[in-house]
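J.:
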Amino acid sequence: MSLLSSTVNANEVSFTYLHTPEMEDRSRPLALCLHGFPDTPHTFRHLMPELVAVGYRPVAAFQRGYAPTHVPVDGRFQTAVLGVDANALHHELGGDERAVIIGHDWGAPATYCAVNAEPQRWSRVVGMAVPPGGIIAQAMLNPQQVKRSWYMFFFQHFLSDMVVPLNDLAFMDMLWADWSPGYDATEDLAHLKTALKEPANLSAALGYYRAALGDGLKDPALDGVQAGGGQPIAQPTLYLHGAHDGCIGAEFAAGASAAFTTPDSRIEVVPQTGHFLHLERPEVVNRLIVDFLSE
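Each residue of the sequence shown is one higher than the one before, starting from 280 at the first, in my numbering.
What follows is the structure, given as structure tokens:
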């Protein structure tokens with residue numbers, strides 16, 4: 280299925296998003312897909328046709344700062360503003376209370392912020408690769424996870440601004456190889472390098488980490504939304520994690536259960552997959568997501 284591209288203004292940012300021809304059929308509920316780092320909405324290319332097949336109109340947006348979505352003039356990149364973006368996209372794209380939201384990597388904590396800030400917008404939630412409920416903060420006390428997360432600390436240093444762009448963003452090739460060993464990321468890296476080839480876009484992507492761990496801008500007006508991202512989730516939630524994730528250890532997936540408040544929420548650790556599980560074994564991951572959304 281060929282994906283189409285459109286733009287929309289939401290939360291004072293011009294977003295580019297990928298979608299299918301069913302986008303204008305408002306009888307279908309919205310399925311908003313949020314990508315993470317270092318990738319683009321093209322990573323949802325296997326899932327989106329499956330969502331269409333079960334009655335949704337899927338949208339996958341380039342997150343703020345990832346070209347061709349604009350770099351925000353206000354310089355905000357904290358997780359809370361990503362959640363506000365998601366809720367604004369829901370509004371601008373004609374979502375209703377049937378809408379579902381699916382987030383991978385940075386898109387996952389953005390999802391948790393969005394659904395707790397405005398729960399009436401979302402009926403079901405899917406998170407991948409970053410557990411809900413503030414588990415990551417706890418994981419960072421684990422020496423093995425700190426070792427995996429070395430890049431997050433490196434991004435706080437000015438040296439990263441010089442190293443990451445070298446040799447056609449070879450740093451990104453290294454992360455993909457470490458996080459999803461054995462997966463051929465040639466197509467995905469090409470999309471990524473198009474999105475981050477300009478210095479302003481790359482600075483924006485690193486800005487997510489600087490807002491999380493360093494001295495990046497944190498908007499006090501979003502303190503409530505930020506805190507809400509670590510709270511239990513009221514909607515039925517599916518959390519998926521790759522058994523061989525080289526970015527965040529699969530041992531932390533079990534902690535996601537503390538964020539579930541409904542009996543039909545669950546955790547699935549997908550065998551033989553790394554961090555980009557929806558690309559590595561799409562036939563398995565798509566079925567888990569579609570079955571969950573169809574319940």
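Note that the Cβ used here is the ideal one computed from N, Cα and C, for glycine as well.
These numbers come from a predicted model, not from an experiment.
1) Only counting runs of 4 or more residues, tell me where the alpha helix (DSSP H) segments fall wholly within the stretch 328 to 364, in order along the chain.
2) What residues in its chain sit with their C-beta under 7 Å from that of Val-548, if we drop five residues either side in the sequence?
3) Does the Cβ-Cβ distance between Val-292 and Thr-348 come in under 9 Å?
4) What are the complete alpha helix (DSSP H) segments, minimum 4 residues, inside the stretch 360 to 396?
5) Taking the C-alpha atoms as reference points, what is the distance between His-369 and Asp-457?
6) With distances taken between CB atoms, is the gap from Ala-479 to Arg-355 smaller than 9 Å?
7) How would you call Pro-410, buried or exposed, if buried means at least 16 neighbouring beta carbons within 10 angstroms?
8) Return the bridge partner residues of Cys-312 from the DSSP annotation.
9) Can you tell me whether Ser-536 is helix, strand or coil according to DSSP?
10) Could you pull out every residue in the same chain whose Cβ sits closer than 8 Å to the Cβ of Leu-485, ignoring the five residues on either side in sequence?
11) Taking 9 Å as the threshold (C-beta atoms), are Asn-290 and Val-338 in contact?
12) Could you spell out where the alpha helix (DSSP H) holding Arg-566 opens and where it closes?
13) For Asn-480, report the span of its alpha helix (DSSP H) as first-last.
14) Just tell me which of Leu-454, Ala-474 and Asn-395 has its CA closest to the CA of Asp-502.
15) Assuming Gly-334 and Val-504 are in contact, meaning their beta carbons sit under 8 Å apart, how far apart are those beta carbons, in whole angstroms?
16) Return helix, strand or coil for Phe-575, following the three-state DSSP convention.
17) Within a Cβ cutoff of 6 Å, which residues of the same chain sit near Phe-614, ignoring the five residues on either side of it in sequence?
18) Run through the stretch 414 to 473 for me and flag every whole alpha helix (DSSP H) of 4 or more residues, listed as ranges in chain order.
19) Look at the Cβ atom of Arg-403, then the Cβ atom of Gly-374, and state whether they are nearer than 9 Å.
T.: Once the coordinates are examined:
1) Whole alpha helix (DSSP H) segments, 4+ residues: zero.
2) Here residue 548 refers to the residue found at position 269 when the sequence shown is read from its first residue. Result list for Val-548: His-520, Ala-522, Ala-529 and Ala-532, in chain order.
3) Working through the sequence shown from its first residue, we reach residue 292 at position 13. Working through the sequence shown from its first residue, we reach residue 348 at position 69. Yes, Cβ-Cβ distance for Val-292 and Thr-348 is below 9 Å.
4) The stretch 360 to 396 contains these whole alpha helix (DSSP H) runs: 386 to 396.
5) Here residue 369 refers to the residue found at position 90 of the sequence shown. Here residue 457 refers to the residue found at position 178 of the sequence shown. If I take the Cα positions, the gap works out to 34 Å.
6) Counting from one through the sequence shown, the residue named residue 479 turns up at place 200. Counting from one through the sequence shown, the residue named residue 355 turns up at place 76. Cβ atoms of Ala-479 and Arg-355: not closer than 9 Å.
7) Within the sequence shown, the letter at position 131 stands for residue 410. Pro-410 should be labelled buried.
8) Along the sequence shown, one-based indexing puts residue 312 at 33. Answer by DSSP bridge pairing, in chain order: Ala-339 and Ile-381.
9) Here residue 536 corresponds to residue number 257 of the sequence shown, with the count starting at 1. Of the three classes helix, strand and coil, the one that applies to Ser-536 here is helix, per DSSP.
10) For the purposes of this step, residue 485 is taken as the residue at position 206 of the sequence shown. Correct list, in chain order: Phe-434, Ser-439, Asp-440 and Val-443.
11) Position 59 of the sequence shown, counting from 1, holds the residue named residue 338. Position 11 of the sequence shown, counting from 1, holds the residue named residue 290. No, the Cβ-Cβ distance between Val-338 and Asn-290 is not below 9 Å.
12) For the purposes of this step, residue 566 is taken as the residue at position 287 of the sequence shown. Note, Arg-566: alpha helix (DSSP H), 561 to 573.
13) Walking along the sequence shown from the start, residue 480 turns up at place 201. In the DSSP assignment, Asn-480 falls within the unbroken alpha helix (DSSP H) covering 478 to 492.
14) Stepping through the sequence shown from its first residue, residue 502 is reached at position 223. Of the listed residues, the one whose Cα sits closest to Asp-502 is Asn-395.
15) Numbered from its first residue, the sequence shown carries residue 334 at position 55. Numbered from its first residue, the sequence shown carries residue 504 at position 225. Between Val-504 and Gly-334 the Cβ distance is about 30 Å, and since that is not below 8 Å, they are no contact.
16) Outside the displayed span of the chain (280 to 574) sits residue 575, for which this structure offers no information.
17) Because the chain in this structure spans residues 280 to 574, residue 614 falls outside the shown range and cannot be described.
18) Runs of alpha helix (DSSP H) with 4 or more residues, each lying fully within the stretch 414 to 473, are found at 414 to 418, 422 to 427, 429 to 433, 438 to 442 and 445 to 458, listed in chain order.
19) Translated into the one-based positions of the sequence shown, residue 403 becomes position 124. Translated into the one-based positions of the sequence shown, residue 374 becomes position 95. At the C-beta level, Arg-403 and Gly-374 stay beyond 9 Å of one another.
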